[in-house]
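Engineer: Encoded as structure tokens, here's the structure I'll be asking about.
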Amino acid sequence: MAVNENFRNLLEVLCPEAKDDLMRYGIIDLVSVTVNAVPDPARPDDRLAMKISAEVLDNFRTGIPAIDRYLDMADAICSTSEDDLTLSLRDELLVTLDTQRKELAGLREGMMNGKPVAALSDPEVAALIRPSLENPVIEDHIWSIGWSVTKEEDGRLLAYCDIPFFAEYVDEDSWVRIQDRMRRVNYVIGGMVGELMGEETIRESP
């Protein structure tokens, strides 16, 4: 069945892979915003050095100025996410990152929780985990939010804001500020989606 004319603009700005996935599977991620705590790359040996990383990912074609402006606005909003975190939450994140470092160091020595792991001496098992040991990802997910698009049975497209995620140990003071930042991101991304969907506004808050 043909897709509703109101949504032609959205389909035209999707990257080819995302458009194919939408037509084939009926759902895609449109935009996602993720904020993580990561070790500070400038001070890799300092266990008390941490960086808050914000990443805006999308499934649009590259080089579309109007869309890039919206994404840049969302990126700018998230770039100061570190300001939302209380000292107690920062301490919690540092502990988690340090735990991940220690677990990684143990695995490199064939140990887990201070005990030898026989399976790690198996060449096949070692080959499977080697990539994660050589290129480790040490991070703690603080919060994320995104927009998705689904293709309904009648061919219409539906864009919606996903339920936001946040780490269970985010304290109340941090959460109040994070919520405000999420609302601002939603306002920007929702406005962009509204234009693409042919509506005046499609803006949702967490």
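Quick note on my numbering: the sequence shown kicks off at 1430 and runs consecutively.
We put the beta carbon where it would ideally sit given N, CA and C, even for glycine.
In this text, all values refer to a predicted model and were calculated from it rather than measured experimentally.
(1) Under 6 Å Cβ to Cβ from valine 1467, same chain only, skipping five residues before and after it: list those, please.
(2) List the residues that DSSP assigns as beta-bridge partners of lysine 1580.
(3) Note down, in chain order, each residue of its chain lying with its Cβ closer than 8 Å to the Cβ of alanine 1503, except the 5 sequence neighbours on either side.
(4) Please classify serine 1508: does DSSP put it in a helix, a strand, or coil?
(5) List the DSSP bridge partners of threonine 1463.
(6) From the DSSP output, which residues share a beta bridge with methionine 1626?
(7) Buried or exposed: which applies to leucine 1500, given that a residue is buried once 16 or more other Cβ atoms fall within 10 Å of its Cβ?
(8) In chain order, what residues of the same chain have a beta carbon less than 6 Å from the beta carbon of glutamate 1434, not counting five sequence neighbours either side?
(9) Can you tell me which of the three DSSP states methionine 1611 falls into?
(10) Please determine, among Val1578, Gly1584, Arg1610, Asp1591, the residue with the shortest C-alpha to C-alpha distance to leucine 1625.
(11) Return the residue from the list Ile1592, Leu1477, Pro1565, Glu1601 that minimises the CA-CA distance to threonine 1515.
(12) Whole angstroms is fine: what's the gap from aspartate 1512's alpha carbon to aspartate 1551's?
(13) In the DSSP assignment, find the unbroken alpha helix (DSSP H) run with valine 1566 in it and report its ends.
(14) CA-CA distance, valine 1554 and asparagine 1465?
(15) Going by C-alpha to C-alpha distance, which of Asp1497, Leu1451, Met1611, Phe1489 sits closest to glycine 1575?
(16) Name the two residues that bound the continuous alpha helix (DSSP H) containing glycine 1535.
(17) Are leucine 1518 and serine 1573 closer than 7 Å when you measure CB to CB?
(18) Using three-state DSSP, classify leucine 1443 as helix, strand or coil.
(19) Going by other Cβ atoms of all chains shown within 10 Å of its Cβ, with 16 needed for buried, is asparagine 1488 buried or exposed?
(20) If we count the other Cβ atoms within 10 Å of its Cβ and call it buried at 16 or more, is glutamate 1521 buried or exposed?
Structural biologist: Answer, in terms of the structure:
(1) Translated into positions along the sequence shown, residue 1467 becomes position 38. Hits under 6 Å: Lys1480, Ser1482, Glu1568.
(2) Translated into the one-based positions of the sequence shown, residue 1580 becomes position 151. Note: lysine 1580 sits in a beta bridge opposite Leu1586.
(3) Within the sequence shown, residue 1503 is the residue found at index 74, counting from 1. Excluding positions up to five away in sequence, the list reads Val1460, Val1462, Val1485, Val1614, Val1617, Ile1618.
(4) The residue you call residue 1508 lines up with position 79 of the sequence shown. Coil at serine 1508, not helix or strand.
(5) As a first step, residue 1463 is located in the sequence shown; it is residue number 34 there, counting from the start. Bridge partners of threonine 1463: Glu1484, Ser1573.
(6) The sequence position of residue 1626 within the sequence shown is 197, counting from 1. BP columns for methionine 1626 are empty, so no partner.
(7) Your numbering for residue 1500 matches position 71 in the sequence shown. That one is buried.
(8) Position 5 of the sequence shown, counted from the first residue, corresponds to residue 1434. Low per-residue confidence applies at glutamate 1434: pLDDT is 41, beneath 50, and the placement is therefore not dependable, though the value from the model is reported in the following sentence. Taken in chain order, the list of residues that qualify is empty.
(9) Counting from 1 along the sequence shown, the entry for residue 1611 is found at position 182. Three-state DSSP puts methionine 1611 in a helix.
(10) As a working mapping, residue 1625 is identified with position 196 in the sequence shown. It is Val1578 whose Cα lies nearest to the Cα of leucine 1625.
(11) Within the sequence shown, numbered from 1, the residue matching residue 1515 stands at position 86. Measuring from the Cα of threonine 1515, the nearest candidate turns out to be Glu1601.
(12) Numbered from 1 along the sequence shown, position 83 holds the residue referred to as residue 1512. Numbered from 1 along the sequence shown, position 122 holds the residue referred to as residue 1551. In a straight line, the C-alpha of aspartate 1512 is about 46 Å away from that of aspartate 1551.
(13) Working through the sequence shown from its first residue, we reach residue 1566 at position 137. It is not in any alpha helix (DSSP H) - valine 1566 carries neither H nor E in the DSSP assignment.
(14) On the sequence shown, position 125 is the one that residue 1554 refers to. On the sequence shown, position 36 is the one that residue 1465 refers to. If you take the alpha carbons of valine 1554 and asparagine 1465, they lie about 29 Å apart.
(15) The residue labelled residue 1575 in the question sits at position 146 within the sequence shown. Answer by Cα proximity: Met1611.
(16) Here residue 1535 is taken as the residue at index 106 of the sequence shown, counted from 1. Taken as a continuous stretch (DSSP letters only), the alpha helix (DSSP H) holding glycine 1535 covers 1516-1537.
(17) To locate residue 1518, count along the sequence shown from 1; it is residue 89. To locate residue 1573, count along the sequence shown from 1; it is residue 144. Not closer than 7 Å, so no.
(18) The sequence position of residue 1443 within the sequence shown is 14, counting from 1. Three-state DSSP puts leucine 1443 in a strand.
(19) Position 59 of the sequence shown, counting from 1, holds the residue named residue 1488. Asparagine 1488 comes out buried.
(20) Taking the sequence shown and counting its residues from 1, the one referred to as residue 1521 is at position 92. Answer is buried; the Cβ neighbour count reaches 16.
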